[in-house]
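Chains as they are written, first to last, in this note's numbering: chain A, 1349 to 1577; chain L, 1340 to 1829. First up is the structure itself, then whatever we jot down about it.
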Amino acid sequence: MATALAALLAHPAIWRGNDVAPEPSALPSGFAGLDAVLPGHGWPQAALTELLVEREGIGEIRLTLPALARVMAARRDVVWIAPPHQPYAPALAAAGLDLARLYVVTCKTPQEALWAFEQALRAPECGAAFAWLATHDERVLRRLQVAARDGRTWGALWRRPGQRGSATTAPLRLALARQDGRLAVRVLKRRGVDLPQPVLLALEADMPSLPVVGREAAASARPPRIARS
Amino acid sequence: MALWACLLFPSLPLDVFARGQNASEAARPFVVGSGGHYPRIVAANAAAQAAGIRHGQLVSGALALAPELALRDRDEAAEARALAQIATWALTFTPMACLAPPDAMVADVGSSLRLFGGLPRLVARLTAGALDLGYASRLGIAPTPEAALLLARAAQPSPVRESARLPQVLAPLPLTLVDLPDATRTTLREAGVVTFGQADALPRDGAARRFGADLVRRLDHALGRVPDPRAAFVPPPRFTGRLELPAPVHDVEALAFGVQRLVRDLADWLLARGLGAVRLTLTLAHERYLRARGMPPTVVPFALGAPARTPAHLLGVLRERLARVTLAAPVEAIVLDSEETAPLAGRNLGLLPGDDADQVEVPLVDRLRARLGEDAIYRLAPHAEHRPELATRAAPLRVPLPPHTAPLPDAPRPLWLLTEPQPLRELFAHKPWIIRDGPERIESGWWDGGDLRRDYFVADTPDGAATAWIYRDHRHGVDDGEWFLHGIFA
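Here is the structure:
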């Protein structure tokens, strides 16, 4: 009996209130802790994700790099629209991204950026599109969501610090902050039950955490590594 | 066996203008005049003929019949260009196509019959294709080019495949169809020789003496008794398509139809030469009186992300690009130039129908570039350089990006680099930042004026909430420089 019920409940069309919605195509994020709380165990491959960043420099982009590398490995392009700063090629290459598949788009007006974002989301060759936009227009967001679904593209909408906005049509909404030296991901919205507790992720495995030193001690902290030519 | 198809364009003077019109505009009466002081009608479209306008009539008379008549002067240079363009297109059917000015071309289709599924199908494709290009045509098919031309002029579309039947088919044709000097024609008429058969029945040496060697040679060429070598048409090394519009066009939308024609011509040329377009220029020439006053044409350059040849692709890009153009004045002619091309191999068709469906879609990169501008989209490439601001570069889109060979630094690098290092001054004076890694001394560039000497640190902000890449500037001395923020570990 119990097995029959379990088989029935495993049907993809059925999901229960205390669970997350099944997501047929998800892009593994590369972080087991995050995958565990995302519907389908990964970034939604054909939908919009809204990312609210408390402030820059907490590892918000590094959070997405494993997934982007996966998109590129699947021979699809990644498009970054109107990033807030110059993306730094050596660091991106060192992180394992295929730079031949990463396109950066600069836009003169927010309208141009919106148009470019929609085009990228619709394009079959584009697997992931990130945009740094300030729009809160519900109709615009719904349009982007439809474009992402049609183009089967992971669309990430980055909110600058303080641009929290109100309700959104994006099916996934995450708030990123730093907590105890780690990246805390709080799921504000997902298809499924609420998750009040943030997920703490350690991104910094490659970066040693040194003891706290003042600025005067900086010079003597370690013998300098020298790049001189 | 050689089998020649002749495509004759009886309304070429009209079609070179009219092909820029869409269907609704074509319903207006339109004529081509001879120019000069007493211009006469050279060609009239269906609407003009319905109004009673006839070939050879004075233009003033025609205007009395149809006051709303659109008139352009005959442009023989445009007709020659059109013929070359048609020959380029014909090279998709056969490697051997020749011009037969002023209004025809001949092509040897004998070796292509099998590929195109037999003569009837090939004929259908030829006439439909010419009509698709915007030219009404008449077809003649015969074993020799001269005979094919005569059959086309005589409006005898039924193909003649055997040389043996040629004398019988050509015999009743009037001699006026043969290209002969006027004097010869008059002499022949006065001698009572009016058909091809009569001329061929004349004693050869006598005919050559009396009517000129030209006559005998033409008859021999037509009947295949003497070889008729013709210069094969070679498409020009550079494409320039020019389209004169029958009436000035005021808005960009109405240009689309003409542009589409030119893009198809371009695609044929690219296919004939095995090339793909990389950079193109569309020039919109304004009305004549404005040109005379020194008004420059509107030039619309555009580029493609990769060599392209499909009309749908080229048109998609061009449409986006044209949407950004505002016309300063009405446009009278459109010119499409190929500025830069690159070899493009033929593409295999998909195994299943629909396999190559997404190939026709205009690549995202091209669409973005056409709308946002050439420099709006770029890729990144690391560069072998110690100075951080020079270690990242924008890579051109057209060339495939080589796998980067620049050695990557073994020290941590931020994902965001600030375009201008930001002085930290007060921010730094009171609260300590938390040094996580460093220092890393970077000292380089004394040879090119970009001299720098810096100690870089990975540091957390005083509240520990974010990680940044900061440096102390030692350019002016040691250990007393200012602190700057240069990157963000995003």
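Where a beta carbon is used, it is the ideal one built from N, C-alpha and C, also for glycine. Here the structure is a predicted model, which means the values were calculated and not measured.
By the three-class DSSP mapping on this structure, what secondary structure does Phe1356/L have? Position 17 of the second sequence holds residue 1356/L. Residue state, collapsed to three classes: helix.
So what does Arg1793/L bridge to, in DSSP terms? On the second sequence, position 454 is the one that residue 1793/L refers to. Ile1781/L and Asp1812/L.
What are the uninterrupted segments assigned as beta strand (DSSP E) that are 3 or more residues long and contained completely in the stretch 1404-1490 of chain A, given in chain order? Restricting attention to beta strand (DSSP E) runs no shorter than 3 residues, the stretch 1404-1490 of chain A encloses them at 1425-1429, 1450-1453 and 1474-1480, ordered along the chain.
Output, in sequence order along the chain, the residues in the stretch 1580-1604 of chain L whose CB is closer than 8 Å to any CB in chain A. Cβ contacts with chain A: none found.
Using a Cβ cut-off of 8 Å, pull out every chain L residue sitting near Leu1450/A, in sequence order please. Looking up residue 1450/A in the first sequence gives position 102. Result: Arg1718 and Leu1719.
Please confirm whether Pro1640/L and Ala1681/L have their CB atoms less than 8 Å apart. Within the second sequence, residue 1640/L is the residue found at index 301, counting from 1. Within the second sequence, residue 1681/L is the residue found at index 342, counting from 1. Their beta carbons are not under 8 Å apart, which means Pro1640/L does not touch Ala1681/L by this criterion.
Does Arg1413/L come out as helix, strand or coil in the three-state DSSP assignment? Within the second sequence, residue 1413/L is the residue found at index 74, counting from 1. Residue state for Arg1413/L is assigned as coil, using DSSP reduced to three classes.
What residues in its chain sit with their C-beta under 7 Å from that of Ser1783/L, if we drop five residues either side in the sequence? Position 444 of the second sequence, counting from 1, holds the residue named residue 1783/L. Cβ contact annotation for Ser1783/L (same chain, cutoff 7 Å, sequence separation greater than five): His1725, Arg1726 and Leu1791, in chain order.
Indicate whether Leu1605/L and Gly1597/L have their beta-carbon atoms separated by less than 8 Å. Taking the first residue of the second sequence as position 1, residue 1605/L is located at position 266. Taking the first residue of the second sequence as position 1, residue 1597/L is located at position 258. No.
Using a Cβ cut-off of 8 Å (strictly closer), state whether Asp1694/L contacts chain A. If you number the second sequence from 1, residue 1694/L lands on position 355. Reliability of the predicted coordinates at Asp1694/L is poor, the pLDDT of 46 falling under 50, and the value obtained from them is presented with this limitation in mind. Taking 8 Å as the threshold, the shortest C-beta distance from Asp1694/L to chain A does not fall below it.
So is Leu1478/L buried or exposed if we call it buried at 16+ other beta carbons inside 10 Å? As a working note, residue 1478/L is residue 139 in the second sequence. Classification for Leu1478/L: buried.
So if I threshold CB-CB distances at 9 Å, which residues from the stretch 1661-1684 of chain L count as touching chain A? None of the residues of the stretch 1661-1684 of chain L has a beta carbon lying less than 9 Å from any beta carbon of chain A.
Identify which residue in Val1555/L, Pro1484/L, Leu1505/L and Ala1540/L has its Cα closest to the Cα of His1519/L. Counted from its first residue, the second sequence places residue 1519/L at position 180. Reading the sequence as shown, one finds Leu at residue 1519/L and not His. Ranking the options by Cα distance to Leu1519/L, first place goes to Val1555/L.
Just by C-beta distance, which residues in the stretch 1400-1412 of chain A are closer than 9 Å to chain L? Within the stretch 1400-1412 of chain A, the residues whose Cβ lies closer than 9 Å to some Cβ of chain L are Val1401, Glu1402, Arg1403, Glu1404, Gly1405, Ile1406, Gly1407, Glu1408, Ile1409 and Arg1410, listed in chain order.
Assuming Arg1775/L and Asp1799/L are in contact, meaning their beta carbons sit under 8 Å apart, how far apart are those beta carbons, in whole angstroms? Here the question's residue 1775/L lines up with position 436 in the second sequence. Here the question's residue 1799/L lines up with position 460 in the second sequence. About 6 Å; that satisfies the 8 Å criterion.
Could you give the DSSP three-state label for Thr1433/L: helix, strand or coil? Here residue 1433/L refers to the residue found at position 94 when the second sequence is read from its first residue. Of the three classes helix, strand and coil, the one that applies to Thr1433/L here is coil, per DSSP.
In chain A, which residues lie less than 8 Å from Gly1803/L when you measure between Cβ atoms? Here the question's residue 1803/L lines up with position 464 in the second sequence. By Cβ distance, chain A contributes Arg1526 and Gly1529.
Any C-beta of chain L sitting closer than 8 Å to the C-beta of Thr1397/A? One-based indexing of the first sequence puts residue 1397/A at position 49. Answer no: the Cβ-Cβ gap between Thr1397/A and chain L never drops below 8 Å.
Taking Cβ positions, are Ala1429/L and Ala1421/L nearer each other than 8 Å? In the second sequence, the residue the question calls residue 1429/L occupies position 90. In the second sequence, the residue the question calls residue 1421/L occupies position 82. Cβ atoms of Ala1429/L and Ala1421/L: not closer than 8 Å.
Can you find a C-beta in chain A that's less than 8 Å from the C-beta of Thr1731/L? Stepping through the second sequence from its first residue, residue 1731/L is reached at position 392. Answer yes: the Cβ-Cβ gap between Thr1731/L and chain A drops below 8 Å somewhere.
Is Gln1434/A close to chain L? Criterion is C-beta to C-beta, closer than 8 Å. In the first sequence, the residue the question calls residue 1434/A occupies position 86. Using a CB distance cut-off of 8 Å, Gln1434/A counts as an interface residue toward chain L.
Quick check: the Cα distance between Ile1673/L and Thr1637/L, rounded to an integer number of angstroms? Counted from its first residue, the second sequence places residue 1673/L at position 334. Counted from its first residue, the second sequence places residue 1637/L at position 298. Approximately 10 Å, taken between the alpha carbons.
CA nearest to the CA of Ala1624/L, picked from Leu1643/L, Ala1611/L, Leu1582/L and Arg1379/L: Residue numbering aside, residue 1624/L sits at position 285 when the second sequence is read from its first letter. Residue Leu1582/L is the option with its Cα nearest to Ala1624/L.
Based on DSSP bridge pairs, tell me the residues matched to Val1445/L. Within the second sequence, the letter at position 106 stands for residue 1445/L. Answer by DSSP bridge pairing, in chain order: Cys1345/L and Cys1437/L.
Distance, Asp1471/L Cα to Ala1439/A Cα: As a working note, residue 1439/A is residue 91 in the first sequence. As a working note, residue 1471/L is residue 132 in the second sequence. Cα-Cα distance, rounded: 54 Å.
How should Asp1848/L be labelled, buried or exposed, when 16 other C-beta atoms within 10 angstroms of its C-beta is the threshold for buried? This structure gives no information on residue 1848/L, because the portion of chain L shown stretches from 1340 to 1829.
Identity of the residues DSSP links to Ile1716/L by a beta bridge: Here residue 1716/L is taken as the residue at index 377 of the second sequence, counted from 1. Bridge partners of Ile1716/L: Val1453/A.
Among Gly1374/L, Asn1384/L and Pro1669/L, whose alpha-carbon lies nearest the alpha-carbon of Val1355/L? As a position in the second sequence, residue 1355/L is number 16, starting the count at 1. Among Gly1374/L, Asn1384/L and Pro1669/L, the Cα nearest to that of Val1355/L belongs to Asn1384/L.
Where DSSP assigns a beta bridge to Ile1380/L, which residues make up the other side? As a position in the second sequence, residue 1380/L is number 41, starting the count at 1. In the DSSP output, where bridge partners are listed per residue, Ile1380/L has Gly1372/L.
When you compare the CB of Gly1456/L with every CB in chain A, is at least one pair closer than 8 Å? Within the second sequence, residue 1456/L is the residue found at index 117, counting from 1. Between Gly1456/L and chain A, the shortest Cβ-Cβ separation is not below 8 Å.
Through-space distance from Ser1451/L to Val1573/L, alpha-carbon basis: One-based indexing of the second sequence puts residue 1573/L at position 234. One-based indexing of the second sequence puts residue 1451/L at position 112. Approximately 18 Å, taken between the alpha carbons.
Cross-chain neighbours of Gly1479/L in chain A, by beta carbon under 8 Å: Along the second sequence, one-based indexing puts residue 1479/L at 140. The premise fails here: Gly1479/L is roughly 47 Å from chain A at the closest Cβ pair, so nothing lies under 8 Å.
Compute the beta-carbon to beta-carbon distance between Val1452/A and Pro1432/A, rounded to the nearest angstrom, for a pair I have assumed lies under 8 Å. In the first sequence, residue 1452/A corresponds to position 104, counting from 1. In the first sequence, residue 1432/A corresponds to position 84, counting from 1. Cβ-Cβ separation between Val1452/A and Pro1432/A: approximately 12 Å, too far for a contact (criterion under 8 Å).
Does Asp1676/L come out as helix, strand or coil in the three-state DSSP assignment? For the purposes of this step, residue 1676/L is taken as the residue at position 337 of the second sequence. Correct three-state label for Asp1676/L: strand.
Could you pull the start and end residues of the alpha helix (DSSP H) that Arg1708/L belongs to? Locating residue 1708/L in the second sequence gives position 369, where the first residue counts as 1. Leu1703 to Leu1711 is the span of the alpha helix (DSSP H), which, as asked, contains Arg1708/L.
Beta-bridge partners of Trp1506/A, as assigned by DSSP: Counting from 1 along the first sequence, the entry for residue 1506/A is found at position 158. Paired residue(s): Leu1399/A and Trp1480/A.
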